[in-house]
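Q:
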Amino acid sequence: MHRQQPLLIDRFGRKVDYLRISITDRCDFRCVYCMSETMEFLPRGQILSLEEIFEITEAFVELGVTKIRITGGEPLVRKGAVELLEKIGQLDGLHELVLTTNGSQLKTLALPLKQTGVKRINISLDTLIADNFRAITRTGDLDQVLRGIDAALDCNFERIKINSVILKNKNHREVGDLVQFAVDKGIDISFIEEMPLGTVNQHDRSSAYYSSDCIKTDLTTRFSLLASTEKTGGPSVYFKVQGTQTRVGFISPHSANFCSSCNRVRLTVEGRLLLCLGNEHSVDLKQIIRTHPGDKNALKQAIVDAMLIKPEKHEFDIHEQPVILRHMSVTGG
Ligand code: SAM
Ligand code: SF4
Numbered sequence: 120m121h122r123q124q125p126l127l128i129d130r131f132g133r134k135v136d137y138l139r140i141s142i143t144d145r146c147d148f149r150c151v152y153c154m155s156e157t158m159e160f161l162p163r164g165q166i167l168s169l170e171e172i173f174e175i176t177e178a179f180v181e182l183g184v185t186k187i188r189i190t191g192g193e194p195l196v197r198k199g200a201v202e203l204l205e206k207i208g209q210l211d212g213l214h215e216l217v218l219t220t221n222g223s224q225l226k227t228l229a230l231p232l233k234q235t236g237v238k239r240i241n242i243s244l245d246t247l248i249a250d251n252f253r254a255i256t257r258t259g260d261l262d263q264v265l266r267g268i269d270a271a272l273d274c275n276f277e278r279i280k281i282n283s284v285i286l287k288n289k290n291h292r293e294v295g296d297l298v299q300f301a302v303d304k305g306i307d308i309s310f311i312e313e314m315p316l317g318t319v320n321q322h323d324r325s326s327a328y329y330s331s332d333c334i335k336t337d338l339t340t341r342f343s344l345l346a347s348t349e350k351t352g353g354p355s356v357y358f359k360v361q362g363t364q365t366r367v368g369f370i371s372p373h374s375a376n377f378c379s380s381c382n383r384v385r386l387t388v389e390g391r392l393l394l395c396l397g398n399e400h401s402v403d404l405k406q407i408i409r410t411h412p413g414d415k416n417a418l419k420q421a422i423v424d425a426m427l428i429k430p431e432k433h434e435f436d437i438h439e440q441p442v443i444l445r446h447m448s449v450t451g452g
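Residue numbers (the working numbering): 120 to 452.
(1) Could you please give the first and the last residue of the uninterrupted beta strand (DSSP E) stretch that includes F310?
(2) Do you know how far the Cα of G236 is from the Cα of V135?
(3) Is it the case that the CB of R290 approaches a heavy atom of ligand 2 more closely than 6 Å?
(4) I'd like to confirm the pairing. Which residues does DSSP put opposite L230 in its beta bridges?
(5) In terms of DSSP beta bridges, what is S371 paired with?
(6) Can the beta-carbon of L418 be found closer than 7 Å to that of I428?
(7) Under the rule that 16 or more other beta-carbon atoms within 10 Å means buried, what is G259, buried or exposed?
(8) Excluding sequence positions up to five away, which residues of its chain have a Cβ less than 7 Å from the Cβ of K415?
(9) So, is S325 buried or exposed, given that buried needs 16 or more other C-beta atoms within 10 angstroms?
(10) Do you know offhand how far F131's Cα is from E431's?
(11) Just the C-alpha distance for G305 and H291, rounded to the nearest angstrom, thanks.
(12) For E399, write down the residues that DSSP places opposite it in a beta bridge.
(13) Give me the residue from R266, P315 and E171 with the minimum Cα distance to L225.
(14) Do L297 and A327 count as a contact pair if the criterion is CB distance below 7 Å?
(15) Cutting at 8 Å between CB atoms, please list the residues of its own chain near H121, excluding the five before and the five after it.
(16) Which of helix, strand or coil does DSSP assign to T221?
(17) Examine the Cβ distances between the region 147-156 and the region 243-261 and report whether three or more of them are shorter than 8 Å.
(18) Taking the continuous alpha helix (DSSP H) assigned at N416, which residues delimit it?
(19) Looking at C-alpha atoms only, which residue of G362, D147, E174 and V184 is the closest neighbour of G192?
(20) Contact check, R145 vs F160 under 8 Å by CB: the rounded distance?
(21) Kindly examine ligand 1 and report whether one of its heavy atoms sits closer than 6 Å to the Cβ of E389.
(22) Less than 6 Å between the CB of L396 and some heavy atom of ligand 1, yes or no?
(23) N251 by DSSP, collapsed to three states: which one?
(24) Look at the alpha carbon of D129 and the alpha carbon of D250, and state the distance between them as a whole number of angstroms.
(25) Between D245, D262 and R383, which lies nearest to K289 when the distance is taken from Cα to Cα?
(26) Okay, do the region 392-404 and the region 333-344 touch, 3+ Cβ pairs below 8 Å being the bar?
(27) Taking the alpha-carbon positions, what's the V384 to I422 distance?
(28) The alpha helix (DSSP H) that contains S331, what's its start and end?
(29) M120 by DSSP, collapsed to three states: which one?
(30) Can you give the Cα-Cα distance for S243 and K359, rounded to whole angstroms?
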C-alpha cells in the first residue's frame, strides 16, 4: 500500500506517530498510586467495543502512526485482548506493537501474545517483597507476577522492561534490589516519578515524591551507571549498568520535562482522544464513529483536526491538588 506523508503534525511542529490505547479501565490490582480503594468502573455501553477500538486504530495507522502501545487498566483482563492485538499486529504500516501489563496473566498469555507479533513488553513491578507488593497493589500476588515474568522470558520477546513507580518510604529502599533483579534476568528497568492523576486516598503524593535524581544517587552506591545516548522514542533517559546488558531508564515528569519531543497521543477506553497526559484537551472519537458509522473520512478528519489542540506541555505539580481528575487506568499509562 502506498504510504502517504505524515498528516499528524501539531502546532509546534511535533510529528505524532505513536498511539497508546487503554482497552479497559478495569484491573485485578488496585495500586495505591493509580487507583483509589473503591473504584467505580465504567458501564459497558460507555466504553469502546473491541471492533470500535480496531476501527480507530486502523485510521491512525493510515494517518502515519507507526507505533501502538496497548495498555489499561490491565489490558490482559479484557476478554478478546489477545485477538485484538493479533488483528492490530497485521495492520500494514505499523512497525511496533507493544504492551504494558501488570504481569498477572502472563503465565498463560505470554506465549499467545508472542504469537500475535508483540515484540516488546513492559511489566510493572514496584517491589520484590511479598508483603510490600500486597500493600502497594492492595490485591496483587508477587509470586504470580514473578511467574509471569519468567513465562515472558521463556518466550524470547525482543525486549522486556520492568516499570517501577517509586514512592518515598514505601519502596524507595528497594531501588538497588530492583536493578539487581533486572540484571539477573537480563532485562531493562525504568523508574517512574509518580504523577498526580486522579485522587488517591492512601498516601499524600507530595510527601511520597522521590525524584529520579535521588534514585540515581542511591544506585551509584551499588552500580556503575554509564550515560547512554540511546533514544527509544520515549521520555526515558537511559543508563547502562556497567558490565551487564541491563539499561536503567528514568521517567521524570517533574524533574525533567520531556514535552518538547512528545510524539504521542492517547485513546481512552471511553473513546476520548487525549492530546496530552497532563491536560484535559480531548476529542470524543466515540461520538464521531457512533454518529457516522463506517465513515472513515469523518473519523480521519477529526483525528487530523485534533492535532491543532495538542497542548505545548503538561502542567503537573505534585505539591498541588490534582487538576487532572482521571486516573491513569482510564487514561492508559
Ligand atoms: N496495568 C498495567 C500495568 O500496571 O502495567 C498497565 C496500565 S498502568 C496504568 C501503566 C503504568 O502506569 C504502570 O507502569 C503504572 O505503574 C503506571 N502508573 C499508574 N499510575 C501512575 C501514576 N499516578 N504516576 C506514575 N505512574 C503511574
Ligand atoms: Fe492496575 Fe496497572 Fe493501575 Fe496497578 S498500575 S492498578 S496494575 S492499571
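Each residue gets a CB set at the ideal place from its N, CA and C atoms; glycine is no exception. Predicted model, so just to flag it, every value in this text is computed and none were measured.
A: Looking at the coordinates:
(1) Locating residue 310 in the sequence shown gives position 191, counting from the first residue. F310 -> beta strand (DSSP E) spans D307 to I311.
(2) For this step, residue 135 is matched to residue 16 along the sequence shown. For this step, residue 236 is matched to residue 117 along the sequence shown. In this structure, the CA atom of V135 is about 23 Å from the CA atom of G236.
(3) Counting from 1 along the sequence shown, the entry for residue 290 is found at position 171. For clarity, residue 290 is Asn in the given sequence; the question names Arg instead. Every heavy atom of ligand 2 is 6 Å or more from the Cβ of N290, so no.
(4) Within the sequence shown, numbered from 1, the residue matching residue 230 stands at position 111. DSSP, once it has assigned bridges, lists no residue as partnering L230.
(5) Counting from one through the sequence shown, the residue named residue 371 turns up at place 252. None, per the DSSP bridge assignment.
(6) As a first step, residue 418 is located in the sequence shown; it is residue number 299 there, counting from the start. As a first step, residue 428 is located in the sequence shown; it is residue number 309 there, counting from the start. No.
(7) On the sequence shown, position 140 is the one that residue 259 refers to. With 16 or more other Cβ atoms from the protein chains shown falling within 10 Å of its own Cβ, G259 counts as buried.
(8) On the sequence shown, residue 415 is found 296 positions in, with the first residue counted as 1. Same-chain partners within the cutoff: A178.
(9) By one-based count along the sequence shown, residue 325 stands at place 206. Looking at its Cβ environment, which holds fewer than 16 other Cβ atoms inside 10 Å, S325 is exposed.
(10) As a working mapping, residue 131 is identified with position 12 in the sequence shown. As a working mapping, residue 431 is identified with position 312 in the sequence shown. Computed Cα separation, rounded: 7 Å.
(11) Counting from 1 along the sequence shown, the entry for residue 305 is found at position 186. Counting from 1 along the sequence shown, the entry for residue 291 is found at position 172. The C-alpha of H291 is placed about 22 Å away from the C-alpha of G305.
(12) In the sequence shown, residue 399 corresponds to position 280, counting from 1. In the DSSP assignment, no residue is bridged to E399.
(13) Along the sequence shown, one-based indexing puts residue 225 at 106. Distance from the Cα of L225 is smallest, within the candidate group R266, P315 and E171, for R266.
(14) In the sequence shown, residue 327 corresponds to position 208, counting from 1. In the sequence shown, residue 297 corresponds to position 178, counting from 1. Not a contact, by the Cβ cut-off of 7 Å.
(15) Sequence index remark: in the sequence shown, residue 121 carries index 2 (1-based). Note on H121: pLDDT 48, under 50, position unreliable in the model; the coordinate value appears next. For H121, same chain residues with a beta-carbon under 8 Å away, outside a window of 5 residues either side, do not exist.
(16) Along the sequence shown, one-based indexing puts residue 221 at 102. Here residue 221 is Asn; the residue named in the question, Thr, does not match the sequence. Shown here, N221 sits in coil according to DSSP, grouped into three states, outside any helix or strand.
(17) Contact between the region 147-156 and the region 243-261 is present, because at least three Cβ pairs lie under 8 Å.
(18) Your numbering for residue 416 matches position 297 in the sequence shown. Where N416 is concerned, the enclosing alpha helix (DSSP H) stretches over K415 to A425.
(19) For the purposes of this step, residue 192 is identified with residue 73 of the sequence shown, where counting begins at 1. The option with the nearest alpha carbon to G192 is D147.
(20) The residue you call residue 145 lines up with position 26 of the sequence shown. The residue you call residue 160 lines up with position 41 of the sequence shown. Confirmed, Cβ separation roughly 5 Å.
(21) Residue mapping note: residue 389 aligns to position 270 of the sequence shown, counting from 1. It does not: the Cβ of E389 is nowhere closer than 6 Å to a heavy atom of ligand 1.
(22) Residue 396 sits at position 277 when you count from the first residue of the sequence shown. The nearest non-hydrogen atom of ligand 1 is 6 Å or more from the C-beta of L396.
(23) Within the sequence shown, residue 251 is the residue found at index 132, counting from 1. Helix.
(24) The residue you call residue 129 lines up with position 10 of the sequence shown. The residue you call residue 250 lines up with position 131 of the sequence shown. Their backbone Cα atoms lie some 46 Å apart in a straight line.
(25) Against the sequence shown, residue 289 aligns to sequence position 170. The shortest Cα separation from K289 among D245, D262 and R383 belongs to D245.
(26) Because the criterion of three Cβ pairs below 8 Å is not met, the region 392-404 and the region 333-344 do not touch.
(27) Sequence index remark: in the sequence shown, residue 384 carries index 265 (1-based). Sequence index remark: in the sequence shown, residue 422 carries index 303 (1-based). Between the C-alpha atoms of V384 and I422 there is a straight-line separation of about 10 Å.
(28) As a working note, residue 331 is residue 212 in the sequence shown. Looking at the DSSP string, the run of the alpha helix (DSSP H) that includes S331 is S331 to L338.
(29) Here residue 120 refers to the residue found at position 1 when the sequence shown is read from its first residue. Model confidence at M120 stands at a pLDDT of 47, short of 50, so the residue's coordinates are unreliable; what they give is reported in the following sentence. When DSSP states are grouped into helix, strand and coil, M120 belongs to the coil group.
(30) As a working note, residue 243 is residue 124 in the sequence shown. As a working note, residue 359 is residue 240 in the sequence shown. Cα to Cα, the separation comes out at about 20 Å.
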